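Using the working numbering, read the sequence shown as starting at 2 and increasing by one per residue.
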Amino acid sequence: MSKLYYMPTKVIAGDGCVKENGNLMWALGRKALIVTGAHSAKANGSLDDVTGVLNSAGLDYAVFDKVMANPTIACAYEGAAFAKKNEVDFVIAIGGGSPMDAAKAIALLSRQDIAEEELFSGNYGNDVFPMAFIPTTAGTGSEVTQYSILTNHKAETKTSIAAPTLFPKLAFLDAKYMEGLSYTTTINTAIDALSHSVEGMLSNRAGAISDSLAMESISLIASCFEALKKGTLTHRQRETLLHASALGGMVIANTGTTAVHSMGYSLTYFRNVDHGRANGLLLAAFLAFVERNAPERVNTIITCMGLKSVKEFSGIMDTLLGEKEKLTEDEIARFTSIAIKTKNISNCMVVPKQEDLLDIFKAVGNIA
Ligand code: NAP
Ligand code: FE
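Structural data, given as structure tokens:
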């Protein structure tokens, strides 16, 4: 079976990369919509760096700073209305996965009239504002993916808009913006990145190129396990996690995610568990499930981490995650019935059945 690898985003990495390469914004347009969250971009210097670069280049901008965690469909439409009112012609996203994903939907909805019922249909044209992304968490890899994941109340889960036209044109990776990121968010986002690379290797769309990126990403993240546990990450280790996260994004851009993400969305939607943590609660149990049918594949992943067994990995995740959420029997049944319907399930190299999903959810914690 032939495998595709595609990644059109220009990635610029290193300390001070936004300021050093601000001239690249000229190729995108003359007035930017800066899409960000309420606080962090103002506090970590990223917003100042971007506005400084735009001011020096003589480019205009408007700021939409209303993106919440797990952005809603309404937020995307509100951002698009703001973009139209301010007559912008390109988009700059600054923040974690939430502002980055919202920015993609805004860039699309600003250029095309898409009704809410059609938003996840995949039936749209190529007209989208060009985008530059500056991730300030090291986890989602959204800066190099074509996915915009929005909270979908009708489906009671999170749903992706996926279109090749949603790849950002530029991504700037500077770990200095992450110096003040809490260890809780640092750990959750690192686990999200790890989950992308692991799931990418367990996807039936995995190929030689995505595997190479995934294995490098997994070993880079594992090299930071001890520092994540102790809360002693250096600047270089934060940079390592940021690069590993981008590699994980390049992986899922080509493989998609699998059961872990579909299952995790219920933990986020119904129990408000952070996205990366939700994946982390499920990842070791999913690996143990796949191991029964594809032991060599799982062994490759565990070896990339420098570990000997899924059990050893599970112990590391337990330490990183701390006390786990308790789920009721009813919740487990409900979450399973939602996850089993998602397309990510059939994307798994070893496709889990309903009872397998139940067992994986049961492994999250003691039943309340
Ligand atoms: P997030 O929801 O973007 O941000 C979490 C929190 O971290 C927010 O309170 C944010 O504050 C804060 N924050 C961000 N950067 C910071 C920094 N440098 N210093 C201090 N605080 C900072 O979390 P995320 O885990 O990065 O993104 C999760 C979202 O990404 C989910 O919606 C998930 O579905 C999506 N996702 C997308 C993809 C994809 O391929 N597109 C892949 C995986 C996940 P502010 O609100 O003030 O900024
Ligand atoms: Fe994710």
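Just so you know, even glycine gets a beta-carbon here, dropped at the ideal spot from N, CA and C.
Predicted model only: the values in this text are computed from it and were never measured.
Any non-hydrogen atom of the ligand FE within 8 Å of residue i CB
i, result
"residue 128", "no"
"residue 277", "yes"
"residue 258", "yes"
"residue 193", "yes"
"residue 59", "no"
"residue 262", "yes"
"residue 96", "no"
"residue 201", "no"
"residue 316", "no"
Rounded C-alpha distance that separates residue i from residue j
i, j, result
"residue 115", "residue 83", "16 Å"
"residue 33", "residue 61", "6 Å"
"residue 363", "residue 344", "22 Å"
"residue 293", "residue 233", "36 Å"
"residue 97", "residue 122", "25 Å"
"residue 1", "residue 153", "Within the shown structure, residues of the chain are numbered from 2 to 369, placing residue 1 beyond reach of any answer."
"residue 209", "residue 56", "43 Å"
"residue 319", "residue 187", "16 Å"
"residue 105", "residue 148", "8 Å"
"residue 268", "residue 72", "16 Å"
"residue 29", "residue 236", "30 Å"
"residue 329", "residue 361", "14 Å"
"residue 127", "residue 315", "43 Å"
"residue 304", "residue 313", "11 Å"
"residue 111", "residue 231", "44 Å"
"residue 156", "residue 228", "38 Å"
"residue 206", "residue 2", "9 Å"
"residue 133", "residue 26", "8 Å"
"residue 298", "residue 16", "36 Å"
"residue 184", "residue 325", "17 Å"
"residue 357", "residue 288", "12 Å"
"residue 130", "residue 88", "12 Å"
Any non-hydrogen atom of the ligand NAP within 8 Å of residue i CB
i, result
"residue 42", "yes"
"residue 137", "yes"
"residue 70", "yes"
"residue 197", "yes"
"residue 143", "yes"
"residue 179", "yes"
"residue 164", "no"
"residue 312", "no"
"residue 183", "yes"
Sequence-distant residues of its chain with Cβ nearer than 6 Å to residue i (five each side left out)
i, result
"residue 243", "139, 174 and 176"
"residue 64", "35"
"residue 301", "none"
"residue 378", "Since the first residue of the chain shown is 2 and the last is 369, residue 378 is not available in this structure."
C-beta atoms of residue i and residue j nearer than 9 Å
i, j, result
"residue 214", "residue 252", "yes"
"residue 170", "residue 296", "no"
"residue 135", "residue 151", "no"
"residue 247", "residue 14", "yes"
"residue 204", "residue 257", "yes"
"residue 291", "residue 216", "no"
"residue 167", "residue 108", "yes"
"residue 355", "residue 339", "no"
"residue 286", "residue 365", "yes"
"residue 54", "residue 92", "no"
"residue 226", "residue 101", "no"
"residue 322", "residue 278", "yes"
"residue 4", "residue 255", "yes"
"residue 145", "residue 164", "no"
"residue 250", "residue 141", "yes"
"residue 50", "residue 43", "no"
"residue 78", "residue 119", "no"
"residue 359", "residue 337", "yes"
Contact set for residue i: own chain, Cβ-Cβ below 7 Å, skip 5 residues either direction
i, result
"residue 45", "137, 178 and 181"
"residue 280", "192, 193, 196, 261, 262 and 265"
"residue 66", "37, 38 and 39"
"residue 31", "60, 61 and 90"
"residue 259", "200, 203, 204, 345, 348 and 349"
"residue 52", "62"
"residue 222", "191, 194, 195, 242 and 245"
"residue 76", "67, 68, 69 and 103"
Bridge partners - residue i, DSSP secondary structure assignment
i, result
"residue 150", "161"
"residue 62", "33"
"residue 132", "92"
"residue 68", "38"
"residue 173", "13"
"residue 73", "152"
"residue 18", "DSSP, once it has assigned bridges, lists no residue as partnering residue 18."
"residue 349", "204"
Cβ shell of residue i (< 8 Å), same chain only, five flanking positions each side left out
i, result
"residue 85", "111"
"residue 24", "58"
The ligand PLP heavy atom lying under 8 Å from the CB of residue i
i, result
"residue 149", "Among the ligands present in this structure, namely the ligand NAP and the ligand FE, the ligand PLP is not found."
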